[in-house]
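> From first to last, the protein sequence lines stand for chains A and B. Using the working numbering, the final residue of the first sequence is 1340, and nothing's skipped along the way. Using the working numbering, the final residue of the second sequence is 1320, and nothing's skipped along the way. Think of the CB as a built atom: it goes at the ideal place given N, C-alpha and C, for glycine as much as any other residue. Here's a structure for you.
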Amino acid sequence: MVATPLNLRRWISAAGLTLAAGVVLPALAEPPANKDGAMTFPNVSVVNAPAATVAEPKSGADQGMTAAIDGSGKLRPVTSEEARALAAKPKLRLNTRSLQRNDADALQSDDGGLEVTYGDDGTMTITLTDEQMVYQVAQKTAEGVKVEEHKGKTAAERAVANPATDSKAQEVGHDR
Amino acid sequence: MTAKSPSLRSLLVASLAFAGIAFSAPTFSAATIVIVNGNAAGVGFNDPTPVAPVGGNFGTTLGQQRLNAFQHAASIWGATLTSTVPIQIQSTFEPLACTATSAVLGSAGSLQAFANFPNVAFQNTAYGGALASKIAGVDLSPTVADIRARFNVNLGQPGCLTGAPFYLGFDNNHGPLIDLVAVLLHEFGHGLGFQTFTNGQTGAQIVAGIPTIYDLFTFDNTQNKLWSVMTNAERQQSAINGRRVAWIGANVVANAAAVLAPGQPEMTVNAPATVAGDYQVGGAAFGPALTPAGLTGEVMNVIDTSPAGNACTPFNAANALAVNGKIALVDRGVCGFVIKVKNAQNAGAIAVIVADNVNSTPPAALGGVDPTIVIPAVRISLADGNRLKDVLRFRSRTKSGVFTTMRSNPNLLNGADALGRPVIYTPNPFEPGSSVSHWDTSAIPNQLMEPSINGDLTHSVNVPQDLTFQLLRDIGW
């Protein structure tokens, strides 16, 4: 059956709108896609942690730099098992210096013994800890729910345990 | 050829063009954010508890609504940022410290900082992982997520800020609940670089000699120095130099006037001479704005009455007589600011001064919403409140002899210095976690990256509502 102009127009209209809607609507918040009401959003993807923590080199540069030395001292390509093992050690880069800062310099810095590593290209990597994270702590008071931020897990947990000392809370919403 | 052919062709072209525009749109919003769901089956993002859709969040399980909210916040950032390297946010809902009246809502931040990486503009300077990878053009640490985000899985349950769970809708209709999307936008902002790794309490850099990129734009107007070139002692002093530390990045400064409202509130005590002078004030988010011409009146303090006190209940006859036609001075505490001001208004006051009840300068703004309030209000510091109350001890029932003028300065932006540069939050005393890594609370309208999550935030991260993205542009986004 040959499509008449009218049918064709309907088809094109439907196709165009479907095509456009399929792209535009997610930007507005797409209706539920499955029984749990999962939604899709532009510029966002979700992965489960087990898949994400399997170390897979993401850049060609990293992959190209990986090599092994054979029994005669010559470079050879790494096997897939070796590649996985290397990638599973995020801090173990070839020819990388690793410093545990406990010298006098550390006394003048705020690293508190943070691990600092240096790559072959001079890149410095500072591994941060929970004490560098920003924590939000909420409290119920007569004035309403107040929220304040604390630097570090220790300070945040102290604020939860001792709300009476937490005098500079910033009130949320109706009173700050 | 029929007469309909051109219209068909036009329709086809229009349809494809529309689709083409729609398809090409993502190329203008060039950052992908990956939410790494770290929860096990049945908990957190995977909690199967049935829930009703709320505020545009169509999730039908608690876990899915949480995940939708994370994605919604990430999508706002993804549509704004530009990067060829995906930004990974390792995310979990998990038990965090809490009691019935206090709780850790969540935490977030960079997992790593980098310096001296390829393409970097400033050597020997620490950048958060997401920004460093964006600048380098490669993921500098492929096996480690850029940002870690933990949120309290028990919030609102008995024994954990009981009855005050996260609001999971997208529509800002959170009422008294804590708006998770706003909290996420704020926390992701820190993870993307809206923070210094330098310790403002000690002045120490995270590694000696390595300032944070944030420090290269943080300028102390008193010392006339950037944070990056100060000594530790100078940074310590700067961190408590209230409203005198400004952000000088070009993008923020260029857009400040498009975001921040003009008319910084000011207050001058005219008499008696012992307390006369200019006082630092925080403006109010409610009520009418002060005018350049100003409002002058006699100040009468409200004598608290138990049990509510602090102007939290309708004024008794003595207080009503005292404040009628006058400027009421009330103490902060016990109830919200709008309740106090409304009670003073009902008693005939022409304006309200709220004296802080904690020692912190400069005074923060007064938050709250009440469209029925028609008189202006400001907050003054605890010390200034005590100064005024000291002379008010000698007032009669209807006169005090303390006169003040409250006005706005149309030449100054709310939340900016005299040069129009937004100011950084540097209260005295220092507030770990809040100081330096936020905008000052005097900003109007309220900004996403103030130390408090205010109820009137719009979920915007960019002009004309917000300056967060402009700051991120300054540091390299």
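Contact criterion: CB-CB distance below 7 angstroms. Does residue 1293/A meet it with respect to chain B?
In the first sequence, residue 1293/A corresponds to position 129, counting from 1. Chain B, which has no Cβ nearer than 7 angstroms to the Cβ of residue 1293/A, makes this no.
> Note down the Cα distance separating residue 1029/B from residue 1277/B, rounded to an integer number of angstroms.
Along the second sequence, one-based indexing puts residue 1029/B at 186. Along the second sequence, one-based indexing puts residue 1277/B at 434. Those two C-alpha atoms are separated by around 12 angstroms.
> How is the alpha helix (DSSP H) around residue 1235/B delimited, first residue to last?
As a first step, residue 1235/B is located in the second sequence; it is residue number 392 there, counting from the start. Its alpha helix (DSSP H) spans residues 1225-1235.
> For residue 1279/A, decide whether its Cβ has a neighbour in chain B, counting only Cβ atoms nearer than 7 angstroms.
Residue numbering aside, residue 1279/A sits at position 115 when the first sequence is read from its first letter. Closer than 7 angstroms: no.
> Can you grab the Cα-Cα spacing for the pair residue 1046/B / residue 1069/B, in whole Å?
To locate residue 1046/B, count along the second sequence from 1; it is residue 203. To locate residue 1069/B, count along the second sequence from 1; it is residue 226. One C-alpha to the other measures close to 13 angstroms.
> Report the residue from 1192/B, 1144/B, 894/B and 1212/B whose alpha carbon sits nearest the alpha carbon of residue 1010/B.
Residue mapping note: residue 1010/B aligns to position 167 of the second sequence, counting from 1. The shortest Cα separation from residue 1010/B among 1192/B, 1144/B, 894/B and 1212/B belongs to 894/B.
> At a cut of 8 angstroms, does the segment 1261-1271 of chain B reach the segment 1197-1216 of chain B through at least three beta carbon pairs?
Yes: the two stretches touch, three or more of their Cβ pairs being nearer than 8 angstroms.
> Between residue 1243/B and the ligand FMN, is there a pair consisting of the residue's CB and a ligand heavy atom that are separated by less than 6 angstroms?
As for the ligand FMN, it is missing from this structure, which has no ligand bound.
> Measuring alpha carbon to alpha carbon, tell me which of 1136/B, 1309/B, 1185/B and 1168/B ends up nearest residue 1156/B.
By one-based count along the second sequence, residue 1156/B stands at place 313. Considering only alpha carbons, the answer is 1185/B.
> Using 7 angstroms as the limit for Cβ to Cβ distance, is residue 927/B near chain A?
Here residue 927/B refers to the residue found at position 84 of the second sequence. Chain A contact via Cβ: absent.
> If you drop the 5 nearest sequence neighbours on each side, which residues of the same chain put their C-beta closer than 7 angstroms to that of residue 913/B?
On the second sequence, position 70 is the one that residue 913/B refers to. Contacts found: 878, 934 and 1027.
> Are the CB atoms of residue 1278/A and residue 953/B within a distance shorter than 7 angstroms?
The sequence position of residue 953/B within the second sequence is 110, counting from 1. The sequence position of residue 1278/A within the first sequence is 114, counting from 1. No, the Cβ-Cβ distance between residue 953/B and residue 1278/A is not below 7 angstroms.
> Is the Cβ of residue 1200/A closer than 7 angstroms to any Cβ of chain B?
Along the first sequence, read from residue 1 onward, the residue named residue 1200/A stands at position 36. For residue 1200/A, the answer is yes, since a Cβ of chain B falls inside 7 angstroms of its Cβ.
> Buried or exposed for residue 1172/B, please, with buried defined as at least 16 other CB atoms from any protein chain shown within 10 angstroms of its CB.
Position 329 of the second sequence, counted from the start, is the residue given in the question as residue 1172/B. Residue 1172/B should be labelled buried.
> Using a Cβ-Cβ cut-off of less than 7 angstroms, list which residues of the segment 1007-1021 of chain B approach chain A; keep chain order.
Answer in chain order: 1007, 1013, 1019 and 1021.
> Expressed to the nearest angstrom, what Euclidean distance is found between the alpha-carbon atoms of residue 1195/B and residue 1240/B?
Looking up residue 1195/B in the second sequence gives position 352. Looking up residue 1240/B in the second sequence gives position 397. Straight-line Cα distance between these residues: approximately 18 angstroms.
> Please determine, among 1286/B, 963/B, 921/B and 1282/B, the residue with the shortest C-alpha to C-alpha distance to residue 1207/A.
If you number the first sequence from 1, residue 1207/A lands on position 43. The option with the nearest alpha carbon to residue 1207/A is 921/B.
> Going along the chain, which unbroken runs of the alpha helix (DSSP H) with 4 or more residues stay wholly within the segment 971-1048 of chain B?
DSSP runs (the alpha helix (DSSP H)) wholly in the segment 971-1048 of chain B: 972-979 and 1023-1035.
> Among 1313/A, 1213/A, 1325/A and 1324/A, which one has its Cα closest to the Cα of residue 950/B?
Your numbering for residue 950/B matches position 107 in the second sequence. Nearest C-alpha to residue 950/B: 1313/A.
> Under a Cβ-count criterion, where at least 16 other Cβ atoms within 10 Å of its own Cβ denotes burial, should residue 1169/B be classed as buried or exposed?
Working through the second sequence from its first residue, we reach residue 1169/B at position 326. By the 10 Å Cβ count, residue 1169/B comes out buried.
> Roughly how many angstroms lie between the CA atoms of residue 1303/A and residue 1323/A, to the nearest whole one?
Taking the first residue of the first sequence as position 1, residue 1303/A is located at position 139. Taking the first residue of the first sequence as position 1, residue 1323/A is located at position 159. Answer to the nearest angstrom: the Cα atoms are 9 angstroms apart.
> Please list, in chain order, the chain A residues whose beta carbon lies closer than 7 angstroms to that of residue 944/B.
Start at 1 with the first residue of the second sequence, and residue 944/B comes out as number 101. Ordered by position in chain A, the residues that pass the 7 angstroms Cβ test against residue 944/B are 1303, 1304 and 1327.
> Anything in the segment 891-911 of chain B with a Cβ closer than 7 angstroms to a Cβ of chain A? List those residues in chain order, please.
Correct list: 896, 899, 901, 902, 903, 904, 907, 910 and 911.
> For the segment 1128-1211 of chain B, which segments carrying the beta strand (DSSP E) assignment without a break, of at least 3 residues, lie completely within its bounds, in sequence order?
Complete beta strand (DSSP E) runs here, min 3: 1138-1144, 1170-1174 and 1194-1198.
> What residues of chain A sit near residue 959/B, judged by a beta carbon separation below 7 angstroms?
Translated into positions along the second sequence, residue 959/B becomes position 116. Those are 1286, 1287 and 1288, listed as they occur along chain A.
> Looking at the unbroken alpha helix (DSSP H) that takes in residue 1305/B, where does it start and where does it end?
Locating residue 1305/B in the second sequence gives position 462, counting from the first residue. From DSSP, residue 1305/B is part of no alpha helix (DSSP H); its letter is neither H nor E.
> Using the Cα positions of residue 1319/A and residue 1078/B, report the straight-line distance between them to the nearest angstrom.
Position 155 of the first sequence holds residue 1319/A. Position 235 of the second sequence holds residue 1078/B. Their Cα atoms are separated by approximately 21 angstroms.
> Taking its Cβ as the centre, do 16 or more other Cβ atoms sit within 10 Å of residue 1201/B, making it buried, or is it exposed?
Counting from one through the second sequence, the residue named residue 1201/B turns up at place 358. That one is exposed.
> What do you get for residue 1237/B, buried or exposed, if any count of 16 or more other CB atoms within 10 angstroms of its CB means buried?
For the purposes of this step, residue 1237/B is taken as the residue at position 394 of the second sequence. The residue in question, residue 1237/B, is exposed, as its Cβ has fewer than 16 Cβ neighbours within 10 Å.
> By Cβ distance below 6 angstroms, which residues in the same chain neighbour residue 1318/B in space, the five residues on each side in sequence not counted?
The residue labelled residue 1318/B in the question sits at position 475 within the second sequence. Closer than 6 angstroms at the Cβ level, and outside the excluded window around residue 1318/B, lie 1036 and 1056.
> List the residues of chain A that residue 1004/B touches, going by C-beta distances under 7 angstroms, in chain order.
Here residue 1004/B is taken as the residue at index 161 of the second sequence, counted from 1. By Cβ distance, chain A contributes 1302 and 1304.
> In the DSSP assignment, the beta strand (DSSP E) including residue 1281/B goes from what residue to what residue?
For the purposes of this step, residue 1281/B is taken as residue 438 along the second sequence, with counting starting at 1. Unbroken run through residue 1281/B: none, as it is neither H nor E.
> Applying a beta-carbon distance threshold of less than 9 angstroms, which residues of chain A neighbour residue 921/B?
Taking the first residue of the second sequence as position 1, residue 921/B is located at position 78. Result: 1205, 1206, 1207 and 1208.
> In the segment 1125-1136 of chain B, which residues sit with their C-beta less than 9 angstroms from some C-beta in chain A, listed in chain order?
Cβ contacts with chain A come from 1128.
> Starting from the N-terminal side, write out each stretch of the alpha helix (DSSP H) that is 4 residues or longer and does not extend beyond the segment 1079-1110 of chain B.
Runs of the alpha helix (DSSP H) inside the segment 1079-1110 of chain B: 1093-1102.
> Which residues mark the beginning and the end of the alpha helix (DSSP H) in which residue 1248/B is found?
Position 405 of the second sequence, counting from 1, holds the residue named residue 1248/B. Looking at the DSSP string, residue 1248/B is not in any alpha helix (DSSP H); the run it does join, the beta strand (DSSP E), is 1246-1256.
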